[in-house]
Amino acid sequence: MSATTLHADASVPDEKQAAAKSAGRRFGALVVRLGAIAAFAAIMAYFVIFAPGFTSTFNLINVVEQSAILGVLAYGMTAVIIGGGSDVTEGGIDLSIAANMGLCAAVYATLLSMGYGDFLSVLAAIAVGMGVGALNAVAVVGLGILPLLATLAVLNVAAGMELTLTQNTVVGASSPLLGVLVSGSFLGISALAWALIVFSAIMIAVIHGTAFGLRLYAVGGHPEAARAAGLSVPFYVSFTYVLSGFCAAVASVLTVSRLSASTPGSGELLLSVLAAALLGTVFSRRFVPTMGGTLLSVLFIGLLANGFQLLNVSSYWVNGVQGALILLVVAITSFARGSEGSR
Amino acid sequence: MSVSANDNAARPSLRGFLAKYSVLIAFAAIVIFFSVASPTFLTPANLFNVLVNNVVMLAIVALGLTIVISSGGIDLSVGVSVDMASMVFVMLLAAGYSGVTGVAGGLGAALIVGVLNAILITRLNISPFLATLGVLFIGQSTQQLATSGGQPIYLTSGYAADQFNAIARTALFGVPTPVIVLIVLAFAVHVLLHRSVFGRYVQAMGAQPGVAWYSGIRVSRELSMVHVLCALLAGATGILLSATVKSYVPLSGNAFLLDAIGATFIGTTLSRERKPSVIGTLLGVLLLAIVKNGLLLVGWNFYWQQVGIGVLVFLVLAASFGLRRAAH
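Keeping their order, the protein sequence lines are chains W and D. Here my numbering is used: position 250 in the first sequence is 250, and no number is missing along the way. Here my numbering is used: position 92 in the second sequence is 92, and no number is missing along the way.
Structure below.
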């Protein structure tokens, strides 16, 4: 309740600012946005010239495959941020998404190893993922707990349940579906890469091509106005958390196929997922989270790690460069938005 | 919104009472439950063990986060401050420097993290969440590069071990030094946050950043101070941690982050305006520590403890937020 009120309060100066925003400021924002994209392009150009084999089809498909898991998770996070508002302490966030993926992967791999078929196992993983998402939705929408806190508690529950289920061990898994995901290919593109392509197409179409997606932005941008316009804010916000759980389940199948097992430690992905979803805002005209922007930043993070590998730079640098890039991009973005943009 | 809150204050209801004291009620219920379930729980030896091993370090990190969260921000990089202080402290001792130099160096490393956060947030206008997330990534890389990929440093005997023992294994009037450090720091942060002009500024920035700015508070100077203090407190934790386990294990500080955020926010349920407070935070830390210890004593393994803590935090938050919402 207080969260929505705060949002309404906070958006008032934004509107005044937007009204006062001169054409010059808009031009500045455009230059900055293009500048950020140009910086990305410059890094890519460097890799193209100096990293051997960077542009080979094999390598690029490899990057897309590696990005599939992060991408699917980042879509879930992006949806939650769109529907809950992008204020990072009061707005929408799902800290449980990576732990949820770990739990779904454990359920999926355990059921497979117990001899249940693909159909039942995948169904169970999706049910668990969406169940965890529904728990988040109940906590955030039903009980009014801050998303940051609610999903933090659920993170602990999901991570603990994964550990109890697997006893912190690797659970090997193999099945026809996993076989297809590992070695199947269509039109020369591997199944994992297809998974990311198809999932991206669906997400972009739903969020950016339908009235539903537009309403989701309305709910996140100004909940009071959305309610006044007759939208059911609780429904839309709940939907994003359940969708986030669904994304976690899909990602869990992909991660089990990639590793041929469910392994502990998937919670470490959380920060990269957050980084991808937040970094993606720089690709949108109004600096809001978009599915397309998230896809670009996921691919960028993937290409960055890959380029470093090809250049034989120690992988220890990757985190740091990723962190520095986030800071650079966000500093530029907040500069473009005006001095009070990030407050 | 504020009108209905005032109405509610005028007519205290049972639900309002339950919402306000849900943490205390949960705390009492949990202590009673474990006292009955385990004969060793309520023994002085066990409670002492909980205090020294589970409370002190988490509490000091949580004190820092209490200041930051009071100012309306967040610090995801507390783990980096813990680790960097721990790393520099242990490396200096390994090189034969004195304990005092080691402690100063460790705190200096944490100070750098805090200043970096402060510059990013106040000068470059990056939101605290993203700024400290970026610093977290950079801190992780720095440690990996400095330790060839995360090799721990163990100093379990010799000169350095004596220095460690001088910090972690000494006591004053029977109270272990780390506990004294916690008491002193908790008192200091309490005075700073709840009894000083600085504290009032911090609370004002947390409640209404725009109003604080228009009222002439130098928001960027106070915010810088907030982040530097938080990093220094986390750095003190890193030094106590290293001295206790006689080693530096890279990337181990992050384990504090989620628990400390949880403890601070559990503490906010004590106040009607959901403001963090030192007493609330300490209560939150105690609650988490006692549940961990109690579940261990009644025979739950480490994995179930995590589920238990998640469920407990969830229930406390649900009771506090849900009942308060119903009371409106």
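Note that beta-carbon positions come from the ideal geometry of N, C-alpha and C, so glycine has one too.
According to DSSP, residue 61/W shares a beta bridge with no other residue. Three or more Cβ pairs closer than 8 Å define a contact, and the segment 100-115 of chain W falls short of that threshold against the segment 210-221 of chain W.
With a cutoff of 7 Å on beta-carbon distance, residue 309/D and residue 291/D are scored as near each other. Shown here for residue 127/D: not one same chain residue has a beta carbon closer than 6 Å to its own, the five before and five after excluded. Taking all protein chains shown into account, residue 67/D has 16 or more neighbouring C-beta atoms within 10 Å of its C-beta and is therefore buried. For residue 143/W, the closest Cβ of chain D is nearer than 7 Å.
Distance check between residue 223/D and each of 93/D, 28/D, 200/D places 200/D closest, using alpha-carbon atoms only. Taking a C-beta distance under 7 Å as the contact criterion, residue 136/D and residue 80/D qualify as a contact pair. Residue 172/W carries a strand assignment under DSSP once its states are collapsed to helix, strand and coil.
Note on geometry: alpha-carbon atoms of residue 141/D and residue 316/W lie some 5 Å from one another. Rounded to the nearest angstrom, the gap between the Cα atoms of residue 107/D and residue 236/D is 7 Å.
The straight-line gap separating the alpha-carbon atoms of residue 202/W and residue 73/W is approximately 14 Å.
Apart from the 5 residues on each side of it in sequence, residue 251/D sits with its Cβ closer than 7 Å to the Cβ of 83, 140, 143, 150 in its chain, given in chain order. Going by DSSP, residue 279/D is part of the alpha helix (DSSP H) stretching over 278-297. Residue environment analysis places residue 162/D among the exposed positions, since fewer than 16 neighbouring C-beta atoms fall within 10 angstroms of its C-beta. The count of Cβ pairs closer than 8 Å, one atom from the segment 44-55 of chain W and one from the segment 293-313 of chain W, reaches three, so the stretches are in contact.
Straight through space, the alpha carbons of residue 78/W and residue 277/W are spaced by roughly 5 Å.
Beta-bridge annotation (DSSP): residue 69/D is not paired with any residue.
Judged by DSSP secondary structure, residue 205/D falls within the alpha helix (DSSP H) whose first and last residues are 197-207.
About 7 Å separates the CB atoms of residue 157/W and residue 314/D; that is less than 8 Å, so the two are in contact.
The Cβ-Cβ distance between residue 56/D and residue 178/D falls below 7 Å. Per the coordinates, the alpha-carbon of residue 117/D lies some 28 Å from the alpha-carbon of residue 41/W. The C-beta of residue 129/W has 16 or more other C-beta atoms within 10 Å across all chains shown, which makes the residue buried.
Taking a C-beta distance under 7 Å as the contact criterion, residue 50/D and residue 289/D qualify as a contact pair.
The criterion of a C-beta distance shorter than 7 Å is satisfied by residue 71/D and residue 226/D.
One alpha carbon belongs to residue 292/W, the other to residue 37/W, and they sit about 14 Å apart. Within the segment 255-277 of chain D, the residues whose Cβ lies closer than 7 Å to some Cβ of chain W are 258, 261, 262, 265, listed in chain order. The beta carbon of residue 320/W sits closer than 7 Å to some beta carbon of chain D. Here the segment 220-235 of chain W makes no contact with the segment 166-179 of chain W; the two share fewer than three CB pairs at distances below 8 Å. Looking at the DSSP output, residue 189/W sits in a beta bridge with 186/W.
With 16 or more other Cβ atoms inside 10 Å of its own Cβ, residue 265/D counts as buried.
The beta carbon of residue 153/W sits closer than 7 Å to some beta carbon of chain D.
Contact with chain D is absent for residue 116/W, since none of that chain's Cβ atoms lies less than 7 Å from the residue's Cβ. Nearest Cα to residue 285/D within the set 41/D, 95/D, 157/D, 53/D: 53/D.
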